[in-house]
Each structure stands twice: as C-alpha cells, then as structure tokens.
Amino acid sequence: MSGDNVSTRNVWPYYSASNVQAAAEKKADTSLGKDDFLRILVTQLQNQDPMQPLQDKDFIAQMAQFSSVEQLVNMSDQLTMLRQNLGMASSMIGKEVQWYEYANTGEMIPVTGNVESIIIKDKAQYARIGDKDIKLDDIVSIADQGGAAING
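Right, dumping it as structure tokens:
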C-alpha cells in the first residue's frame, strides 16, 4: 500500500478562491431563448418527412408562436429596464437638483429645487419639483439637501 500514493499536485495549483466563487456564481440556465427556439424550428424544417411535409397552417401557427414568444421576451426586458430605472430615479427623491430654464430675456439660467416624487408621462421619467415636472434628462446636478454634490 505504501506504493499507492495519491498526488494532489495537479489539483491544488488550480484551486483558488476566485475559481470557487466563479463556480458558485454560475447558474444553470435551463430556459430556452429566442435562438434556441429558432434552432429547433430550423432543425424541424431540415428533418421533416418529404412524404408528409409541414402543413402551411402548422408552419404559420409555429411562426405566430415564435412571434408571441419574442414579444413576451421583449416586454419582459422592457419591464425589467423600467423597474431598474424607476429604482435609480427614486433615489433622487429628497435630493436637491439643478436644471436650466430660459429666462424672459432668453438667456439660460440655473434653477434648483428638491425632488418630491418621480413620475412617468409621455413615456419619459420626470422629477416633480414643486409645481414643475422636470425631465430627468434635463437635470444637470444632484446634491444632498445641504447642497453637497453627490459623486456618481
């Protein structure tokens, strides 16, 4: 038995905390995506029985299903993005922001105010500041209520 030594020499050099973390973070993706659905459809068309080709109505039904799946995936992506954007925008509530407006003279002047809420109208996000709704894209700076600028 003394001649049956097992060496760990080849295993341990490749064992590190980052490798273990990467393996732990890796999740098994068991869902089918758009590309998988297309691959299945192409494979089905390539391997169909010449004596019983795919019927037009079956093909149209499958294309409609694919279109529905694609639209659902796109809708899910858009809802996720909207939720993330609202989450980030809501962190502005209670902060002092600055934007520019035109004065009666036609020159641009800086205006500041405290964000009371975030709203969505006309497919865009706005900060409600007093009686004004300021588009988030128009805000040029964000600060704590005391006026200390926030580094982003």
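Note that the numbering used here has the sequence shown beginning at 4, numbered continuously upward. Every residue, glycine too, gets a C-beta built ideally from N, C-alpha and C. Because the structure is a prediction, the values reported are computed rather than measured.
Using the beta-carbon count (16 or more within 10 Å), is residue i buried or exposed?
| i | result |
| --- | --- |
| Gln1 | There is no way to answer for residue 1, as the model of the chain reaches only from 4 to 155. |
| Met95 | buried |
| Ile122 | exposed |
| Ile43 | exposed |
| Ile112 | exposed |
To the nearest angstrom, how far is the alpha carbon of residue i from that of residue j?
| i | j | result |
| --- | --- | --- |
| Tyr103 | Ala146 | 15 Å |
| Asp52 | Ser70 | 25 Å |
| Arg131 | Asp141 | 13 Å |
| Val45 | Phe62 | 11 Å |
| Leu48 | Lys37 | 17 Å |
| Met78 | Lys135 | 31 Å |
| Asp80 | Ile137 | 26 Å |
| Gln55 | Ala64 | 17 Å |
| Gln87 | Gly133 | 25 Å |
| Gln74 | Tyr105 | 42 Å |
Tell me the residue span of the alpha helix (DSSP H) that contains residue i.
| i | result |
| --- | --- |
| Asp37 | Contrary to the premise, residue 37 reads as Lys rather than Asp in this sequence. First-last of the alpha helix (DSSP H) with Lys37: 37-49. |
Can you tell me where the beta strand (DSSP E) holding residue i begins and where it ends?
| i | result |
| --- | --- |
| Ala127 | 127-132 |
| Val114 | 111-117 |
| Ser144 | 142-146 |
| Gln55 | Segment: none, Gln55 is in no beta strand (DSSP E) and carries neither H nor E. |
Considering only DSSP beta bridges, list what residue i is partnered with.
| i | result |
| --- | --- |
| Val72 | The partner list for Val72 (beta bridge, DSSP) is empty, contrary to what the question assumes. |
| Ser120 | Arg131 |
| Gln101 | Thr115, Ser144 |
| Asp61 | In the DSSP output, where bridge partners are listed per residue, Asp61 has none listed. |
Cβ pair count under 8 Å reaching 3, the stretch 92-100 against the stretch 109-121: yes
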